[in-house]
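Have a look at the structure below, then the notes.
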Amino acid sequence: MISLENISASIHQLLSANLSQTAVILIEMSIIALLAITLFALLGLILVFMERKVSAWIQIRLGPNRVGPKGIFQTTADTIKLALKEGFVPDGADKFLYKLAPFVVMIIAMMLLAPIAFAKNFAMWDLNIGVFFITAISSVSVIGILMAGWASNNQYSLLGAMRSGAQIISYEISAGMAILTIIVLTGSLQISEIVNSQSNGWWLFKGHIPAVIAFVIYIIAVTAETNRAPFDMAEAESELTGGFHTEYSGMRFALFFLAEYINIFIVCAVGATLFLGGWMPFHIGAWEGFNHIMDFIPSSVWFLGKTFFLIFVIMWFRWTFPRLRIDQLLNLEWKYLLPISLFNLLFMTLIAIKGWHF
Amino acid sequence: MGSGTLITLMLAAIVFSAGGIAVSKILTKGSTNLQKGQAYECGVPTAGSAWKQFNVGYYLFALIFLIFEVEMVFMFPWAVVAKKVGMLALVEILVFVFILFMGFLYAHKKGALKWM
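For the protein sequence lines, the chains are A and B, in the order given.
When we follow this note's numbering, the leftmost residue of the first sequence carries the number 1398, and every step to the right adds one.
When we follow this note's numbering, the leftmost residue of the second sequence carries the number 147, and every step to the right adds one.
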């Protein structure tokens, strides 16, 4: 049976049979780099297109439909357009930091891809502190945003970056608590072990009500963390024009845009891994036939299906809820989500220790 | 694969971003003039630099965030072993969270979470 796991294993065997140790590592690393870059570009194109089509679908209009069949080449055309635009640096800007900021954001987004399990036994680096790594690295991206906002020397950019920073650091706590709620159950931070612990049911179903609460909190928190509507205070068009990337144009703007969408993918992938079982197929108790059919669907399809479902939910939010004001946003986090998630975590600990979960 | 993956991914990100910027630099030609170089403020003349003192309403949130973030760092190792240690882990974290939460309530009472 052809699976991503077998393909990567056979490539490794083929290489190590013919070449020396160093050459194998070098070739494998370059394959990883190429795959990561391809994944990046593809995800960017797909997610932007999906965003526009979902928006169109929700607002009962057609969306992009001119470039290519059903408009599927619209984002490619947009990318070419952005590449042809002048990459401009304002006179007053701090030139070095202004140019460095997109790189910081991109490097963070790329490094976050490392521990994610895309299919059965198929991750770039299944490190034993996977989830902790993601929480830790993703909080560095706020530095890139603050850097961009400050270096632009534009008042809109600075205010947007400050808001963005306040929002990201606030909601990071609830997101972390929601992640911890599942870690208490699994007893491991390694992504593969978290997925394996869900082979007899997803944590969303096995963990009673605290898991559901944690899931809801996680989705709210990551929506805020990725600066998406209804929490898009950072780039509220009507008041701050473009937020921290007001002054960015051309390819540098495209990089920010891309990193933003990759971050959405990553947080949804983590959510799918923790709560919806990652690449584990959907099983129902004792229905042997049904479970057997579900096993035939490749694990990568399951993983991408769950992830894109969560992405769809986040895009759906955008057209359902009105934008919050900054003080309402901070109130929601500090006065509601934080205490709820803290007590939810303690409650879940009690359940895990007593063994009340399934 | 090991930590080499991270270095590879970092290099990949740098190559990808730098390549994109370089390609767009080759394809485009730029011009500069006085108005173009100014910071964008919706078409009106730019009113001074952004690098000045102003009241950041979020700094108290940032301070409280710091406390809770450190708490999270403590809680990750705790969460991994909580199930193995059993009731003792729950009691210890209850004491820890109680002290922390009292501090949080104190900050709330003092008006640190109120919007200025």
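We put the beta carbon where it would ideally sit given N, CA and C, even for glycine.
Same chain only: Cβ atoms within 6 Å of residue i, ignoring 5 sequence neighbours per side
i	result
B:Ala185	Thr192
A:Leu1655	Gly1441
A:Gly1460	Arg1449, Lys1450, Ala1453
A:Ile1610	Asn1741
A:Ala1618	Tyr1568, Ser1571, Ala1572
Under 9 Å by beta carbon: chain B residues contacting residue i
i	result
A:Asn1551	Ala185, Tyr186, Glu187, Thr192, Ala196
A:Pro1487	Lys182, Gly183, Gln184, Ala185, Tyr186
A:Phe1437	Ala158, Ala159, Phe162
A:Ile1542	By Cβ distance, chain B contributes nothing, its closest Cβ being about 14 Å from A:Ile1542, past 9 Å.
A:Gly1573	Phe214, Glu215, Met218, Met221, Phe222
7 Å Cβ cut-off: residues of chain A touching residue i
i	result
B:Leu259	Trp1731, Lys1732
B:Leu236	Thr1746, Leu1747, Ile1750
B:Leu209	Correct list: empty, because the minimum Cβ distance to chain A is about 11 Å.
Per DSSP, the bridge partner or partners of residue i
i	result
A:Phe1519	A:Ala1516
Close beta carbons around residue i, own chain, < 8 Å, minus the five adjacent residues each side
i	result
A:Ile1526	Leu1586, Gln1587
A:Trp1713	Val1451, Ile1455
B:Leu246	Ile213, Phe214, Glu217
A:Asn1518	Glu1402, Ser1589
B:Leu259	Leu206, Phe207, Ile210, Ala253
A:Ile1681	Phe1687, Asn1688
A:Arg1463	Gln1471
Residues that residue i contacts on chain B, provided the C-beta gap is smaller than 7 Å
i	result
A:Glu1483	Thr174, Gly176
A:Leu1555	Ala196
A:Ile1429	Thr151, Thr154
A:Ala1433	Leu155, Ala158
Test: residue i CB closer than 9 Å to a CB of chain B
i	result
A:Glu1569	yes
A:Val1581	yes
A:Ser1407	no
A:Thr1704	no
A:Phe1500	yes
A:Ile1504	yes
A:Thr1623	no
A:Phe1518	Looking at the sequence itself, residue 1518 of chain A is Asn, so the reference to Phe does not match. It does not; no Cβ of chain B falls within 9 Å.
A:Ala1666	no
A:Asn1728	yes
A:Met1630	no
A:Ser1536	yes
A:Phe1529	yes
A:Gly1736	Gly is not the amino acid found at residue 1736 of chain A; the sequence shown has Pro there. A:Pro1736 counts as touching chain B.
A:Leu1671	no
A:Ala1474	no
A:Gly1562	yes
A:Met1447	no
A:Leu1739	yes
A:Glu1644	yes
A:Ala1545	no
A:Thr1638	yes
A:Asp1724	yes
Neighbourhood of residue i by C-beta, 7 Å cutoff - its chain only, sequence neighbours within 5 removed
i	result
A:Pro1607	Thr1578, Asn1741, Phe1744, Met1745, Ile1748
A:Tyr1495	Val1486, Ala1548, Ser1549
A:Ser1596	Met1677
A:Val1501	Ile1540, Gly1541, Met1544
A:His1754	Leu1582, Lys1603, Gly1604, His1605, Ile1748
B:Trp224	Ala235, Ile239
Neighbour list for residue i in chain A, Cβ cutoff strictly below 8 Å
i	result
B:Leu152	Met1508, Ala1511, Trp1522
B:Ile239	Leu1743, Thr1746
B:Ser249	Looking at the sequence itself, residue 249 of chain B is Gly, so the reference to Ser does not match. Simply none; closest approach about 13 Å.
B:Phe220	Going along chain A, no residue has its Cβ under 8 Å from B:Phe220, so there is no contact; the nearest lies around 11 Å.
Test: residue i CB closer than 9 Å to a CB of chain A
i	result
B:Tyr252	no
B:Val169	yes
Neighbour list for residue i in chain B, Cβ cutoff strictly below 8 Å
i	result
A:Ile1566	Phe207, Ala208, Phe211, Glu215
A:Met1712	Correct list: empty, because the minimum Cβ distance to chain B is about 25 Å.
A:Arg1649	Ile167
A:Ile1422	Gly150
Residues that residue i contacts on chain A, provided the C-beta gap is smaller than 9 Å
i	result
B:Lys229	Val1581, Leu1582, Thr1583, Gly1584, Thr1746, Ala1749, Ile1750, Gly1752
For the stretch 1495 to 1571 of chain A, which segments carrying the alpha helix (DSSP H) assignment without a break, of at least 4 residues, lie completely within its bounds, in sequence order? List check, alpha helix (DSSP H) in window: 1527 to 1535, 1538 to 1548.
Contained alpha helix (DSSP H) runs [length at least 4] in the stretch 152 to 237 of chain B, N- to C-terminal order: You should have 205 to 231.
Which whole runs of the alpha helix (DSSP H) in the stretch 1590 to 1632 of chain A are 4 residues long or more, in chain order? Listed in chain order, the complete alpha helix (DSSP H) runs (minimum 4 residues) inside the stretch 1590 to 1632 of chain A are 1600 to 1603, 1605 to 1622.
Along the chain, which unbroken stretches of the alpha helix (DSSP H) at least 4 residues long are found entirely within the stretch 1412 to 1476 of chain A? Listed in chain order, they are 1418 to 1455.
For a minimum of 3 consecutive residues, which ranges assigned as the beta strand (DSSP E) are wholly contained in the stretch 1705 to 1752 of chain A? For the stretch 1705 to 1752 of chain A, not a single whole beta strand (DSSP E) run of length 3 or above is found.
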